[in-house]
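Chains as they are written, first to last, in this note's numbering: chain A, 18 to 385; chain B, 673 to 895; chain C, 36 to 313.
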Amino acid sequence: MNPKSNPFAHQSSGARLAESAAFGLFRGATYFILLCATMIFGVIVVKGSGTVFKASPPFVNWTFLTASPETLYVFEFEGKKMELGDKAFREFKAARGLDEIEAESYAHSAGGIWPCITGTFWLVIGSMGIALFIGVSSAIFLSEYSQQGRMVELIRLAILNLAGVPSIVFGLFGLGLFVHFMPVVAGFDDPSTPSFPIGFGHWLNFSGWGICLASGWFTLAFMALPVVIAASEESLKAVPRGFREGSLALGATKWQAIRTNVLPYALPGMLTSSILGIARVAGETAPILFTAAYVMRDSAPGGGLLDFLGQGVMALPYHIYVISSKIPQNEFTERVQYGTALVFLGLVTAIAMTSILLRIRMRNRYRW
Amino acid sequence: MNHFWEKNLTEIREQLLLMSGLSERSLSMAMRGLVNRDETLCDSVEAEDSQIDLLEIQIDEMVITYMATHGPVAKDCRFMLAASKISSNLERIADQATKIARNAKRLNQEPLLKPLIDIPLMAQIGQEMLRDSMTAYVEAKPDLATEIVARDKSVNDIYKQLARELTSYMIEDPKTITRALNLLTVAKALERVADHVTNIAEEVFYLYKGEDIRHERGRKAIV
Amino acid sequence: MNATFETRMDTLPQAARGSQQGAPDTSDPMIEIDHLDFYYGANHALRDISLQIPGHQVTAFIGPSGCGKSTLLRCFNRMNDLIEGTRIGNGQIRIHGIDISDPAVDTIALRRQVGMVFQKSNPFPKSIYENIAYGLQIQGVRDRRRLDEVVEKSLRGAALWDEVKDRLHTSALGLSGGQQQRVCIARAIAVEPSIILMDEPCSALDPIATAKVEELIHELKKNYTIVIVTHNMQQAGRCSDMTAFFYLGQLIEMGKTEKIFTNPVQKQTEDYISGRFG
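Structure follows, in structure tokens:
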């Protein structure tokens, strides 16, 4: 067919050229992201797996996952180069009756990261609970109960702005409010803080909670709140108005309508989006820097509830921060750095994946 | 499923049947009044006419209400049109019956011009046609309706023959003119009855088949 | 007003429903509206509306979109309370003779008496059984046998029992559109209201489902007073006894449906119902 007779034949024009250029640019930008992500994941996975996995059975380095961090001692003994953790090093000396062995010590480079894993776990669970409770409650209030108007818009704006606050500011806020100021009940009048007698020989001392799980929970929870509230409001809005009207028209109170016909359908969305938000917050170092994280704790927090809340924890992000910037760097610390990073990455990915899978399942269950 | 508005259609149908029953009765009473020379029968025919007129108005009201509120289509729509037309034809049949009764009263005052043979025959055919057309309507038999249309011709033939006969009476003896004209009027009324019944039968056919079989000859001539 | 809304609401409809034995008393107006003015913020949505809705009849509200017919309908069970900035400027709505905007009126008690079916069928994503039992459950009824009874009675009332009796415990969302709408009607009658408001109940349904719902409306008027908002002229014609035509927030004409549809008094009404509007 000759081109003149074909009105639909290809024609080169400026518009076509511009399209190719724009398309190429978008493609390039996307591939660039892919490249960066691959590099980050690649380096961590490649270097980290050397620490987390072993070449011989059982393939997983259980010590790294289940032991506490220890100082690594590197020394020469009878012509052989030895690397031993703190405990093993002392046993080694005791067994041979030696008082002193010339050894180089590297902090945190032996043992494992078990207390960091549990610490992170507790931080996530607690802050998730608090953030969900406060966030969902206020989202219900904002979108279902409050009179829509300037006041509510202002509150929404404030919450939105909260999301823009740098994490270090949250850390300092937590330090000021929870660590140094929040009241504790004690059997004595603390002269160094404002304190009020509450009877029964007890006083409310505004001495702060100290660096502990509770402070960390609230600080992290506050940081996650904007995400949780936004996600919850979104989920509430996604529930068709007909469900509310339907139950109200049957003579339900507002709370009955929300409880029976809005929340059950909004909750899956609220939970999954919130979990995603919290998982990201759990990766933050700054908020727990001053409020909950310890450089070193041998044991996981335990004891009664109040004891448990009053204890600080080790946490993966803070641990990474410490071993990669607070101690002398060398080949031994690098191993632990990458190992910890890989475990942390895996943990956060697992949480995110769970919430995404959960959301897909929930979506399929409720369709209207 | 028996829809709630079927009730309205049934009501219209029942009113139509009532009307056809009354019209047929008027016709037979008028004929008996003529044949038996019974003046009271003729009077009651005239009296009953207004009831039939009332029914026509009622049916039209029901039809227009139904059309306005239900927006009937297809068969329901044809049903509405047919109901209105059938009722108006039935009303005309009753009018013809009244006309027969009125002429019968006049005829009864004088001796018969000739024995009544053709006129009762016409009335009999007309009544049968009417009964059959209502059967076709109630029992949804469009074929019966077409057959009725064919029967109209025989009534017309009898009328033409009777007209010729009465004309010859009048030519022979002008004194018979009044009676002959009265008889002719009765015959003409019966011929009109058959025409109205034919119209009804055509409406019934249209109702069930959706085809118009009126004025076949005229249309063929144009085509 | 000495009697509280609760007590009068509880006794009166029972008396009204007692008329099932005899002929329904249609002369008694169920809903009376006196010079009602209604505002959406600054928008004067309803202007000086006065009308009376007879009991045990179907009253249809027709009119172009935005004419205020749905707004008026939602005044009857105070669903407009849910919308910010709405208020009654003037006038009164009386149901069973009681001014429903009186502060002594509890919207919850009111809505149990004045049920509503919405434009978009909105069954809850629960089982059919739970949908019907919902109204009673929120009233605190836990007795399983009573709930079973009410569910069956309501579904029979909505002409749905035979279609769903074998799958009462499957999701109501698995039903067809028409069945869903009838579930909503069953749900509304389960709490035994005396009035059922229907806001374009068939606008999302196909003609067959529509016919079934209309059939149902025709059945329901024996026991309930029904007010239906519709855009479908034929529907108003087919199922209603009374028709009210609204335009720009005003009641233009109200009367017997046959009268409105065959010989309306107002030219606007005639233009609207014959599709010559605007």
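Glycine residues also receive a C-beta, built at the ideal position from the N, C-alpha and C atoms.
Could you please give me the residues that DSSP links to residue i through a beta bridge?
i, result
"Gln87 of chain C", "C:Glu67"
"Pro16 of chain A", "There is no way to answer for residue 16 of chain A, as the model of chain A reaches only from 18 to 385."
"Trp220 of chain A", "A:Ala203 and A:Pro214"
"Ser162 of chain C", "C:Ser206"
"Met277 of chain C", "C:Thr94 and C:Lys291"
"Asp624 of chain B", "Summary: the structure shown does not reach residue 624 of chain B, with chain B confined to residues 673 through 895, and so no result is reported for it."
"Asp134 of chain C", "C:Arg129"
"Thr121 of chain C", "C:Tyr75"
I'd like to know if residue i contacts chain A, where contact means its C-beta is closer than 8 angstroms to some C-beta of that chain.
i, result
"Pro236 of chain C", "no"
"Leu190 of chain C", "no"
"Glu119 of chain C", "yes"
"Asn78 of chain C", "no"
"Arg147 of chain C", "yes"
May I ask you to report which of helix, strand or coil DSSP gives residue i?
i, result
"Ala242 of chain C", "It is worth fixing the name first, because residue 242 of chain C is Pro in this sequence and not Ala. Helix at Pro242 of chain C."
"Lys98 of chain A", "strand"
"Pro214 of chain A", "strand"
"Asn140 of chain C", "One point to set straight first is that residue 140 of chain C is Val, not Asn, in the sequence displayed. The answer is coil: DSSP assigns Val140 of chain C none of H, G, I, E or B."
"His79 of chain C", "strand"
"Ser291 of chain A", "helix"
"Arg297 of chain A", "helix"
"Gln28 of chain A", "coil"
"Asp710 of chain B", "coil"
"Tyr335 of chain A", "helix"
"Phe76 of chain A", "coil"
"Ile195 of chain C", "Reading the sequence as shown, one finds Leu at residue 195 of chain C and not Ile. Coil at Leu195 of chain C, not helix or strand."
"Tyr74 of chain C", "strand"
"Glu251 of chain A", "helix"
"Asn680 of chain B", "helix"
"Asp234 of chain C", "strand"
Using a 10 Å radius around the Cβ and a threshold of 16 neighbouring Cβ atoms, would you call residue i buried or exposed?
i, result
"Ala58 of chain C", "For Ala58 of chain C, the pLDDT reaches just 40, beneath the cut-off of 50, and the residue's location in the model is therefore unreliable, leaving the point undetermined."
"Arg33 of chain A", "exposed"
"Gln768 of chain B", "buried"
"Arg180 of chain C", "exposed"
"Lys825 of chain B", "exposed"
"His27 of chain A", "exposed"
"Glu875 of chain B", "buried"
"Leu230 of chain A", "buried"
"Ile843 of chain B", "exposed"
"Ser209 of chain A", "exposed"
"Tyr48 of chain A", "exposed"
"Met168 of chain A", "exposed"
"Thr165 of chain C", "It is Glu, not Thr, that sits at residue 165 of chain C in the sequence shown. Classification of Glu165 of chain C: buried, given that the 10 Å Cβ count is 16 or more."
"Phe217 of chain A", "exposed"
"Val63 of chain A", "exposed"
"Arg107 of chain A", "exposed"
Determine, for residue i, whether the minimum Cβ-Cβ distance to residues of chain B falls below 8 angstroms.
i, result
"Gly272 of chain C", "yes"
"Glu293 of chain C", "yes"
"Thr61 of chain C", "Because Thr61 of chain C carries a pLDDT of 48, less than 50, the predicted location of this residue cannot be relied on, and the following value inherits that uncertainty. Judged by the 8 angstroms Cβ criterion, Thr61 of chain C is not in contact with chain B."
"Thr297 of chain C", "yes"
"Glu198 of chain C", "no"
"Val300 of chain C", "no"
"Ala193 of chain C", "no"
"His253 of chain C", "yes"
Between residue i and chain C, is there a C-beta pair that is closer than 8 angstroms?
i, result
"Ile830 of chain B", "no"
"Phe627 of chain B", "The question about residue 627 of chain B has no answer here: the residues shown for chain B are numbered 673 through 895."
"Ala746 of chain B", "no"
"Ala740 of chain B", "yes"
"Leu171 of chain A", "no"
"Leu265 of chain A", "yes"
"Ala269 of chain A", "yes"
"Thr737 of chain B", "yes"
"Gly798 of chain B", "no"
"Gly705 of chain B", "no"
"Glu262 of chain A", "yes"
"Glu683 of chain B", "no"
Examine the ligand PLP and report whether any of its heavy atoms sits within less than 7 angstroms of the Cβ of residue i.
i, result
"Thr366 of chain A", "Here there are no bound small molecules, and the ligand PLP is not part of this structure."
(request) Only counting runs of 4 or more residues, tell me where the alpha helix (DSSP H) segments fall wholly within the stretch 145-178 of chain A, in order along the chain. (result) none
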